[in-house]
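In this text, residue positions in the sequence shown follow the numbering used here: the first is 9, and each later residue adds one.
Note that the Cβ used here is the ideal one computed from N, Cα and C, for glycine as well.
Quantities reported herein were computed from a predicted structural model and do not represent experimental measurements.
Everything on this sheet refers to the single structure shown next.
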Amino acid sequence: MKRKRRTHSAEFKARVALEALKGIKTINQIAQDEGIHPVQVSQWKKELQERLPEVFASAKSGRDEKEKSERNLSRIERKVGQLVIEKEFLEKKCGELGIDLNEKP
């Protein structure tokens, strides 16, 4: 019978990778203590090393994206307001001129 594949939580992977990154224990010791293969520990350590800069970069880029989306939203709201005013103006003028708005050209 085959063994069922285990899935590990992100917290577990982070803890193991950080322990390997610290270098207090060898990768083989960590793998034996946690009951996983040493290659897996090495892969998680490598991935942690590669993605560490993202942790600090995401705070700034997150703010930039939020500011950009807020500017875009306010621009769209201004445009919608302008179009509503123009529509109401045109409806009023059509009423004054006796133009039927339900009539299709």
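The count of Cβ pairs closer than 8 angstroms, one atom from the segment 34-43 and one from the segment 55-74, stays below three, leaving the stretches out of contact.
Boundaries of the alpha helix (DSSP H) harbouring Leu26: Ala18 to Lys30, taken from the DSSP string. Around the beta carbon of Glu96, a 10 Å sphere encloses fewer than 16 other beta carbons of the protein chains shown; the residue is thus reported as exposed. By the Cβ neighbour-count rule, Ala28 is buried, with 16 or more other Cβ atoms within 10 Å of its own. Excluding residues up to 5 positions away in sequence, Pro46 lie with their Cβ nearer than 8 angstroms to the Cβ of Asn36 in the same chain. The residue among Gly106, Glu104 and Lys53 with its C-alpha nearest the C-alpha of Ala25 is Lys53. In this structure, DSSP gives Asp108 a state outside helix and strand, which the three-state scheme calls coil. Per DSSP, Ile38 is one residue of the alpha helix (DSSP H) stretching across Ile35 to Glu42.
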